[in-house]
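Heads up: take any position in the sequence shown, counting from 1, add 36, and you land on our numbering. Here is the structure we will look at, set down as structure tokens.
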Amino acid sequence: MSLGALAVLLLMGTLAGMINAAVGSGSLLTLPVLLALGVAPGTAVRTNTLGILFSTVGSVAGYRREIAAERAAHRIGPLLATTLVCSALGSCLLLVSPSEALDVVVPVLIVLALVLVVSQKRITRAIAALRERRSARAGVAEGAPGGAEGAREGGAEGARGGVYTSPALLASMGVASMYGGYFTAAQGILYLGVLGAFTGRAMTSINAMKNLLSLLVNATAVAVYLAAHWIWGAPIVWEAAAAIAVGALAGGYGGSHLAKRLPESAMRGVIVVVALVALVRQVL
37 MSLGALAVLL LMGTLAGMIN AAVGSGSLLT LPVLLALGVA PGTAVRTNTL GILFSTVGSV
97 AGYRREIAAE RAAHRIGPLL ATTLVCSALG SCLLLVSPSE ALDVVVPVLI VLALVLVVSQ
157 KRITRAIAAL RERRSARAGV AEGAPGGAEG AREGGAEGAR GGVYTSPALL ASMGVASMYG
217 GYFTAAQGIL YLGVLGAFTG RAMTSINAMK NLLSLLVNAT AVAVYLAAHW IWGAPIVWEA
277 AAAIAVGALA GGYGGSHLAK RLPESAMRGV IVVVALVALV RQVL
């Protein structure tokens, strides 16, 4: 691979790292470059995932305090386990499925993520109302002190520390993680949409968890791809992966500090713009 091509990949890796730290989908900058250089789709995905892993390393380093606070305040073990298992399944699926499947899956999931992001507040209110009605019915049926009022207070108390453990959230994140292991591009947008919709928290608050989950997914995918490379020779373009990795590491760390300063409205706007660009690139 020429020095010019490696320089372009370095630049795109840096920009991708910054975008990944803020919203995700930075791979939609680096992956098309690999494809334009004549790298086969499956090889390009493996090469890109190996390089872009370092963007999540950088962004997690930048968000280390926020991640520590999330771990102290909430139970994240079930979410991490779900993400790990499902991303491994997605990575294995890539190794055995035709690359043409990406043309169908990616646009659908990007549209779904956009709907979740744009409708987050409405979805959150609907979920909260449903939980409140269930808690009220449970309180009346069990004769809870204070009736529905007591049931609501008890439900709120029981929910503390469990914001990431609802079955609906885990199921949705499982599907998103399978996609992330299969095709890393735009996974951050999916994670922000799902986490925001099911927790009701601001985008700026859940971005740290999004970056941690993205690191876990990418690391799992890389482990599967490296095993496939060493066992039966699944190709990886090492020099291209290295160029992306260097830029992505710097961009991820720098982008994490920029993302912390973005207000939620700006964060939501960036997500919509990036997702629309990603959708146009995939469709065209």
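Ideal Cβ positions, reconstructed from N, Cα and C, are used throughout, including at glycine.
Original post:
Terminal residues of the continuous alpha helix (DSSP H) containing R107?
Top reply: 100–109
**OP:** State the start and end residues of the unbroken alpha helix (DSSP H) segment that holds G126.
**Re:** 113–132
Original post:
Does DSSP classify Y218 as helix, strand or coil?
Top reply: helix
**OP:** Whole angstroms is fine: what's the gap from E275's alpha carbon to T220's?
**Re:** 20 Å
Subject >> Own chain partners of L252 with C-beta closer than 8 Å, once the 5 adjacent residues on each side are dropped >> reply: Closer than 8 Å at the Cβ level, and outside the excluded window around L252, lie L116, T119, L120, S123.
**OP:** Measure how close the beta-carbons of G60 and L285 come, nearest whole angstrom, since I'm counting them as under 8 Å.
**Re:** Actually they do not touch by this definition, with Cβ atoms about 16 Å apart.
Original post:
Given that a residue counts as buried once 16 or more other Cβ atoms are within 10 Å of its Cβ, and exposed if not, what is L86?
Top reply: buried
Subject >> Rounded distance between the beta-carbons of G291 and A95, thought under 8 Å >> reply: It is worth fixing the name first, because residue 95 is Ser in this sequence and not Ala. About 6 Å; that satisfies the 8 Å criterion.
Subject >> Assumed close pair L73, M48 - CB separation to whole angstroms, cut-off 8 Å >> reply: With 8 Å as the limit, L73 and M48 do not qualify as a contact, their Cβ atoms being about 11 Å apart.
Subject >> CB contact flag (L298, M214, <7 Å) >> reply: No, they are not a contact pair.
**OP:** Compute the Euclidean distance between the alpha carbons of V154 and A172, then round it to the nearest angstrom.
**Re:** 29 Å
Subject >> Reduced DSSP secondary structure (H/G/I, E/B, other) of G305 >> reply: Helix.
Subject >> Per-residue DSSP class, three states only, for P271 >> reply: coil
Subject >> Beta carbon of A279 nearer than 7 Å to that of L46 >> reply: yes
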